[in-house]
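Adding 208 to a residue's 1-based position in the sequence shown gives its number in my numbering. From the three backbone atoms N, C-alpha and C, an ideal C-beta is built for every residue, glycine too. The structure appears right after this line, and notes come after that.
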Amino acid sequence: MKKLSVVFCLAIIIFSFMDLESKGTNFPYSIGPFITLKGGVNAADVPTGIMNGFSINGLPDFGVSGYIPFGDKSQFGIAADLAYSTYAYDMKNTTGIEYVSTTQISYFTLSPNIFIYGFTAGLNFGIPLSGTTKSSITEVDIKTEDLSIFVEFRVGGMIPLYYDDFGRVNLIIQLGYFLTEQSKEDYSFSYNFHPASGAIGVSYLFNLSD
């Protein structure tokens with residue numbers, strides 16, 4: 209969780225140094241690719257003898273972003289992503305033989321967000337595609353039929369770093385938390401996985417209109 213806090217603090221610092229002169233005319237309709245590096249942790253309770261741990265994804269998230277402006281006078285609109293997204297977290301067994309297992313689950317995701325002067329907030333929806341749990345002693349494939357379609361609450365930023373008549377380069381910062389349980393079947397009574405994640409990356413959006 210400390211690393212997620214660092215990402216959040218970084219977002220605040222960047223927002224505070226944004227060029228105030230850029231906070232004016234809205235951006236045009238635009239679309240383009242993005243890529244982010246993401247890490248996460250299981251934010252749910254775990255049984256005695258298990259500890260949650262932070263893990264960075266081996267594969268970055270990537271996809272297509274789009275922007276629909278609301279009006280011309282202010283930077284307000286809808287930002288949406290279609291992506292291949294992976295969520296990873298560690299779990300450490302502290303009883304008996306100590307070992308760390310890393311779970312990585314990949315999804316096809318759709319994320320509509322409200323965009324206001326660089327800030328974004330919205331929901332992310334994901335359909336499971338594949339998953340594994342690996343440790344030093346075993347590797348297990350996770351069946352997609354055992355995983356739920358998820359709903360994630362997401363906040364962050366899409367901050368223009370450079371823009372011209374053709375498009376703009378954006379810094380992407382995202383923090384997310386699963387509102388739904390990751391597994392269809394609960395295990396160990398009331399315990400189920402609720403990943404929390406932080407991501408940072410870049411996008412380039414091509415202008416589709418003046």
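Query                                                                                                                                                         : Result
Excluding sequence positions up to five away, which residues of its chain have a Cβ less than 8 Å from the Cβ of PHE270?                                      : PRO241, PHE242, ILE243, THR244, ALA291, TYR292
Ignore the nearest five residues each way along the sequence and tell me which others in GLY330's own chain have a CB closer than 7 Å to its CB.              : SER319, PRO320, ASN321, ILE322, ARG362
From ILE335 to GLU353, what distance separates their C-alpha atoms?                                                                                           : 11 Å
Measure the Cβ-Cβ separation of PHE248 and TYR295 and say whether it is below 7 Å.                                                                            : According to the sequence displayed, residue 248 carries Gly and not Phe. Yes, Cβ-Cβ distance for GLY248 and TYR295 is below 7 Å.
Going by beta carbon distance, what residues of the same chain come within less than 6 Å of ILE381, once the five residues before and after it are set aside? : ALA219, GLY364, GLY365, ILE408
Whose C-beta lies closer than 7 Å to the C-beta of THR388 among residues of the same chain, with five residues either side of it excluded?                    : SER356, PHE358, VAL359
Between ILE276 and the rest of its own chain, which residues show a CB-CB distance below 7 Å, the 5 nearest in sequence each way excluded?                    : TYR237, GLY285, ILE286
Jot down the residue ranges of each uninterrupted beta strand (DSSP E) in the stretch 295-370, minimum 3 residues, whole runs only, in chain order.           : 307-324, 327-342, 347-349
Closer than 7 Å by C-beta to SER263: which residues in its own chain qualify, once you throw out the five before and the five after it? Chain order, please.  : GLY247, GLY248, ALA296, TYR297, ASP298, THR310
Can you give me the C-alpha to C-alpha distance between VAL348 and LYS342, rounded to a whole angstrom?                                                       : 6 Å
Quick test of your reading: GLY274 and LYS300, contact by CB under 8 Å. State the CB separation rounded to the nearest angstrom.                              : Wrong, their Cβ atoms sit about 40 Å apart, outside the cutoff.
Can you name the residues that DSSP bridges to ASP289?                                                                                                        : SER273, SER319
Spatial neighbours of LEU267 within its chain, please: C-beta separation below 6 Å, excluding the five flanking residues on both sides.                       : THR294
When DSSP labels each residue in this structure, what does GLY257 get in the three-state scheme?                                                              : coil
Does LYS281 come out as helix, strand or coil in the three-state DSSP assignment?                                                                             : coil
Leaving out five residues before and five after LEU416 in sequence, what residues of the same chain have Cβ atoms less than 7 Å from its Cβ?                  : PRO236, TYR237, SER238, ILE239
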